[in-house]
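Please read the structure below before turning to the comments.
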Amino acid sequence: MQKEYTPVKEDFRLLPSRDLYTDTNFASQSYWKGVMIHFFRNRRAVIGLVIILLIILFAIIGPSLSSFGYRDIVQYRNADNKRVVAKGIAPQIPALHKLFTGEELEGNFAEYTFLFGTDDMGRDLWTRTWYGARVSLLIAFVTIFIDMIIGMSYGLISGYFGGKTDMIMQRFVEIANSVPRLVIVSVLAIFMPKGMGLVIVALLLTEWIGMSKIARAEMLKTKEQEYVLASRTLGARNSHIIFREILPNTIGPIITQMMFSIPTAIFTEAFLSFVGVGIALPQCSVGTLIEDGFNNITTLPYQILPPIIVLALLMLGFNFIGDGLREALAPKLEDM
Amino acid sequence: MLKYTLKRVGMALVTLLIITFLLFVLVRIMPGNPFPSERMSAEQIANKRAEMGLDDPILIQFWRYMVNVLHGDFGKGTSLYYGAPISTVLSTAISNSFRIGGLAILIGTLFGLLLGITAALHKGKFLDGFCTVVSILGVCVPSYVFLIFLQYFFSFKIPFFPYFFDESRFLFSSVIPSVSLSLFTMSTIARFTRNEMVEVFDSDYVRLAESKGLYGGQLVRRHVLRNALIPIVTVLAPLIVDLLTGALVVEKIYGINGIGKLMVDAIAGEGIDYNYVLALGILYSALYIGIMLVVDLLYGVLDPRIRISVQRGRRA
Amino acid sequence: MSETPRTILDIRNLDISFKTNAGVVHAIRGVNLDLRKGETVAIVGESGSGKSVTMKAAMGLLDSNATVNSGEILYTYTDTDGTEKTVDLLKLSKKELRGTINGQRIAMVFQDPMTSLDPTMTIGKQIMESMFLHKHMEKEAARKRALELLNLVGIPEAEKRFKNYPHQLSGGMRQRVVIAIALSADPDILICDEPTTALDVTIQARILEMIMDIQEKMKLSVIYITHDLGVVAKVADYVNVMYAGKIVEVGNVNEIFYEPAHPYTWGLLSAMPDLDTDDDRLYSIPGSPPNLLHEPPGDAFAARNQFALVIDEKAAPPMFKISETHSAATWLLHPDAPKIEKPPELEARLERARKEVERYL
């Protein structure tokens, strides 16, 4: 609503000639910049990102922050030359204890700081937890990355060539998809020793399918667009068209899929290790730590907490990021 | 419609056959002693092998096996259960897993729908955020973690529910495992339902219905629900499969003799019980393919766009 | 005409804002519009001018992030007991609006027929829905009426189509169904939001003629929302030209097409070539509509107006009356304003058009 304005005589002159043709409304913005802005406006997505970055940070530097190795049993020999092991010590921070109660901590290992406590064998849980996180994350990232390459290539090629090639390739995917993960794992168990290798191979064999489906769907969407036609007319080779022109435009949904596959991988490793098919104790991974904690839950209930919380946070974090990415990449008509 | 159905069923059977054959071959080509629980000399082993027909060409072996399977005979376990017939062990296991899994599906779907619809109807308000957070937690917290917590609080600290599965009090001891298994289903369905409903609410045809004078409960019942819920069957399929094949970890922790536990026992022990792996592998694949098929056909029945165009011979 | 028909829809000072991620968009900035019984009124403007929003406000179909800041939409009708009532549609509760107005008194035809129909419900059911809702008709009676409507909108094999699902019909047929649905509860007012934009050109004319025909038969008053001046020329009695959330010119169809007064209307008309246009370049209004996130002071059209005055950047012009039916909101009509001639190409075209009319009368 505007105030009443009483016009004066000079107002009724024509405005001097201006440039009417420059459009000041639409500032152009690169596609990815727009996506980034949308992503960072999403509170949950940012929280997820922060969580994951923090966990990765601790996975890298965590173990070095303590003076123990992940296999080291904290012990010493006392005056009678007997071994005293730091078994089952609940989380303790002497400095804080002194601060709140004014007294020194008692016990054999009173001067040590065990942020997460020690387990039933006397090992520092802080070190083990972050070492385990490291292992789980490494497995997840490596396998998903390889799966992305395999799955994406498969899907892009299948979608690009269409026709007979596509039909055969998709038939194969259908069959591969119909075998439950567990069956694949058990068949692998026949041929492979249990352990990290088994987990990795199992993941490789199952996760690529999801990627390939997305890649193919994206390919089918963009195949008919004009820039592809233009490329072809100029005589570009098929591989060039697929990987240099179409791929960059389809990478968005693929990255989103990765964000959802990683927690699946971590979870799969955790549960395979838990049931005894994957990594075994005393090796550390999130799964083995949960198993360990579970075995001691009645006596040392705190032991299971760190790995479970890390697992939950990892899954939460990646899910938030995945959701945020998916939303940020979706075509929007508003924001004009 | 009939033609389409037959075609899909045919394809499913063929896929199953291929997978079964592959599994069979993989299991049979393992060299070494197929009878680890008995001690025999090399000569005795060779004799026994010939006797059991293990040296015959693979296709004949496969044929024999399939004939047996169609009669319900999966052979005997080599190391588990002291060589009892697999089919007996399997039937108890299936009954257990299916019942608990079935309960989990029921609970999960019911509450999932409730949560999702509530969240969508109160979009943007507190209830929506609350339901969303709950569902995200359900997706990220593995079912066995949840189980452990439930066990700790409701069996250990407060000795109300049994700590391990007790066959004699089936329903009572099913509560904890079913509830912990239902969490993932509930959360997945809740999120999916909410998103679908929100999308439908924004659609043009709901706008038209409103312009006709529809609103509130009537609008939701007549136009929103049907359109939003039809896609749910596609989400439901893998969830059902997961639950019926018996979440291994839950079964292991809780001591349920289900097919999940069987599978774990078959591979995690010292030797691998090949016959069980084969039988379970076929069962799992059959379940998976079967349920996907049913869902596929169900979707065709529910969504008129597919139902009608298929009738005309055109693929949707 | 012996007497002026009474006004049945009167929009006064409508002012609406939208809350978006980027800020508050002041989309409707004081709109005045009226519709009289039996007439056809067109609202013309570019995308984003606010034409749809104005009528959606009357139907209570605004998005949840919209706030009506001020204004009233007065609807006058004859109630079931024979008395004449006037209500402010903006003041009604959702329940009242949906229950008594939507569908049975004011109905809307939407733009995209491909997405306007519920894909999981048969055509017949969707047409009958209004009848059950508002008129509480019996199933048999409703079915009979629905078939009549299908015939009325020109759908062949009505019996068969009754049981069809939307995806089994073509775009043109679906739009006819949408129109049938709008008519099903006997409304007084029909609001058509770009009813032919999504259709083939060959079908557009037929649909428009059908609506005009039905309008006469059922004594409807119609509001067309469109950006297509061809549609306006064909159907409208009165035209409202809308720009950036305001009505900038209003008049009967002859006044708008032969004696346009607002530079924006000049621009719109110039951008419509006819066969005798011998310009080498096709004229189009420079620039683009303003972003109403940052409302420009003064006249919103000033930035694109080659005839803008100094005052256009300071204050928005009020409506200046040109005749009983014709007004325009431009400072050029102020007594102190310089006399501006229309652009020569436009003047030439208008001359040609006037000569054509004379020849046929």
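Protein chains in written order, with the working numbering: chain A, 1 to 336; chain B, 337 to 652; chain C, 653 to 1013. C-beta: ideal position from N, C-alpha, C; glycine also. Keep in mind that this is a model prediction, so the values were computed, not measured.
So that I know if they touch, is there some Cβ in chain C lying closer than 9 angstroms to that of A:M1? Here residue 1 of chain A is taken as the residue at index 1 of the first sequence, counted from 1. In this prediction, A:M1 scores a pLDDT of 44, lower than 50, which makes its location untrustworthy; the coordinate-derived value is nonetheless stated afterwards. Interface residue, yes.
Quickly, what does DSSP pair A:T118 with across the bridge? List them, please. As a working note, residue 118 of chain A is residue 118 in the first sequence. Bridge partners of A:T118: A:D124.
Give me the subset of the segment 948-971 of chain C whose CB atoms are less than 9 angstroms from a CB atom of chain A, sorted by chain position. P949, G950, A954, A955, R956, N957, Q958, F959, A960, L961, V962, I963, D964, E965, K966, A967, A968
If we cut at 9 angstroms on Cβ distances, does C:P990 have a partner in chain A? To locate residue 990 of chain C, count along the third sequence from 1; it is residue 338. Yes, because at least one Cβ of chain A sits closer than 9 angstroms to the Cβ of C:P990.
Kindly say whether A:R43, judged by its beta-carbon, lies nearer than 9 angstroms to any beta-carbon of chain C. In the first sequence, counting from the first residue as 1, residue 43 of chain A sits at position 43. False, the Cβ-Cβ gap to chain C never drops below 9 angstroms.
Proximity of A:L63 and A:R134 at Cβ, strictly below 9 angstroms: Here residue 63 of chain A refers to the residue found at position 63 of the first sequence. Here residue 134 of chain A refers to the residue found at position 134 of the first sequence. First, the residue type needs correcting, since residue 63 of chain A is Pro and not Leu in the sequence shown. Yes, Cβ-Cβ distance for A:P63 and A:R134 is below 9 angstroms.
Entirely within the segment 776-863 of chain C and at least 3 residues each: give me those beta strand (DSSP E) ranges in chain order. 841-845
Please list the partners that B:G465 has in chain C, where partner means a Cβ-to-Cβ separation under 9 angstroms. Taking the second sequence and counting its residues from 1, one reaches residue 465 of chain B at position 129. Correct list: empty, because the minimum Cβ distance to chain C is about 16 angstroms.
Members of the segment 177-210 of chain A near chain D, C-beta cut-off 7 angstroms: Included in the structure are the protein chains A, B and C, with no chain D among them.
Status (buried if at least 16 other CB within 10 Å, exposed otherwise) for C:H978: Here residue 978 of chain C refers to the residue found at position 326 when the third sequence is read from its first residue. Burial call: buried.
Residues of chain A with CB under 8 angstroms from B:T581, in chain order? Counted from its first residue, the second sequence places residue 581 of chain B at position 245. Correct list: P180, L182.
A:G75 in three-state terms, based on DSSP: Counting from 1 along the first sequence, the entry for residue 75 of chain A is found at position 75. Per the sequence shown, residue 75 of chain A should be read as Gln rather than Gly. It is a strand residue.
Check whether C:A989 and C:I899 have beta carbons under 9 angstroms apart: What you label residue 989 of chain C is simply residue 337 of the third sequence in a count that begins at 1. What you label residue 899 of chain C is simply residue 247 of the third sequence in a count that begins at 1. No. Outside cutoff.
Among B:F520, B:V613, B:Q487, the one whose alpha carbon lies nearest that of B:I512: The residue given as residue 512 of chain B occupies position 176 in the second sequence. Nearest C-alpha to B:I512: B:Q487.
Runs of alpha helix (DSSP H) lying entirely within the segment 420-486 of chain B, each at least 4 residues, in chain order: 422-457, 462-476
Cutting at 6 angstroms between CB atoms, please list the residues of its own chain near B:V405, excluding the five before and the five after it. Taking the second sequence and counting its residues from 1, one reaches residue 405 of chain B at position 69. None.
Using beta carbons (cut-off 9 angstroms, strictly below), is A:V338 in contact with chain B? Residue 338 of chain A is absent from the model: chain A starts at 1 and stops at 336.
Go through its chain and collect everything with a Cβ distance to A:D335's Cβ below 7 angstroms, but skip five positions before and after it. Within the first sequence, numbered from 1, the residue matching residue 335 of chain A stands at position 335. For A:D335, the predicted structure reports a pLDDT of 39, less than 50, and the residue's modelled location is therefore unreliable. The matter cannot be settled from this model.
May I ask you to report which of helix, strand or coil DSSP gives C:G723? Here the question's residue 723 of chain C lines up with position 71 in the third sequence. DSSP places C:G723 in strand when its eight states are reduced to three.
Going by beta-carbon coordinates alone, are B:I472 and B:S523 separated by less than 9 angstroms? The residue given as residue 472 of chain B occupies position 136 in the second sequence. The residue given as residue 523 of chain B occupies position 187 in the second sequence. Their beta carbons are under 9 angstroms apart, which means B:I472 touches B:S523 by this criterion.
Residues that DSSP places opposite A:Q92 in a beta bridge: Position 92 of the first sequence, counted from the first residue, corresponds to residue 92 of chain A. Per DSSP, A:F114.
Please name the residue in C:D731, C:L742, C:K708 whose C-alpha comes closest to that of C:G723. Locating residue 723 of chain C in the third sequence gives position 71, where the first residue counts as 1. For the residues C:D731, C:L742, C:K708, the minimum Cα distance to C:G723 belongs to C:L742.
Mind pulling the chain B residues with CB within less than 7 angstroms of A:N319? On the first sequence, position 319 is the one that residue 319 of chain A refers to. The contacting residues are I472, V475, C476.
Entirely enclosed beta strand (DSSP E) segments - the segment 961-1010 of chain C, minimum 3 residues: none
Looking at B:I422 and B:I625, is the spacing between their C-beta atoms short of 9 angstroms? Your numbering for residue 625 of chain B matches position 289 in the second sequence. Your numbering for residue 422 of chain B matches position 86 in the second sequence. Not closer than 9 angstroms, so no.
So A:T298 contacts chain B; which residues on that side make the cut at Cβ distance below 9 angstroms? The sequence position of residue 298 of chain A within the first sequence is 298, counting from 1. Result: Y488, F492.
Please identify the residue among B:K548, B:L442, B:T521 whose C-alpha is closest to the C-alpha of C:S782. In the third sequence, counting from the first residue as 1, residue 782 of chain C sits at position 130. Answer by Cα proximity: B:K548.
Is C:W983 close to chain A? Criterion is C-beta to C-beta, closer than 9 angstroms. Translated into the one-based positions of the third sequence, residue 983 of chain C becomes position 331. Answer yes: the Cβ-Cβ gap between C:W983 and chain A drops below 9 angstroms somewhere.
Alpha carbons only, please: which of B:G552, B:E587, B:L629, B:G452 is nearest the one belonging to B:I525? As a first step, residue 525 of chain B must be located in the second sequence, where it is residue number 189. It is B:G452 whose Cα lies nearest to the Cα of B:I525.
Would you kindly work out how many angstroms separate the C-alpha atoms of A:G235 and A:T165, rounded to a whole number? Within the first sequence, numbered from 1, the residue matching residue 235 of chain A stands at position 235. Within the first sequence, numbered from 1, the residue matching residue 165 of chain A stands at position 165. The straight-line gap from Cα to Cα measures roughly 22 angstroms.
Going by DSSP, what residue range makes up the beta strand (DSSP E) through C:F670? The sequence position of residue 670 of chain C within the third sequence is 18, counting from 1. 659-672 is the extent of the beta strand (DSSP E) around C:F670.
Comparing the C-beta of B:K412 with each C-beta of chain C, is any distance below 9 angstroms? Position 76 of the second sequence holds residue 412 of chain B. Chain C, which has no Cβ nearer than 9 angstroms to the Cβ of B:K412, makes this no.
For A:I55 and A:G317, what's the separation of their Cα atoms in angstroms? Locating residue 55 of chain A in the first sequence gives position 55, where the first residue counts as 1. Locating residue 317 of chain A in the first sequence gives position 317, where the first residue counts as 1. About 10 angstroms.
Starting from C:A718, follow its DSSP beta bridges and name the residues at the other end. The count along the third sequence starts at 1 and reaches residue 718 of chain C at position 66. DSSP lists C:F670 as partners of C:A718.
Where the segment 348-361 of chain B meets chain A: residues whose CB sits under 8 angstroms from a CB there: T351, L352, I354, I355, L359
Tell me the DSSP bridge mates of C:Y729? Working through the third sequence from its first residue, we reach residue 729 of chain C at position 77. In the DSSP output, where bridge partners are listed per residue, C:Y729 has C:K737.
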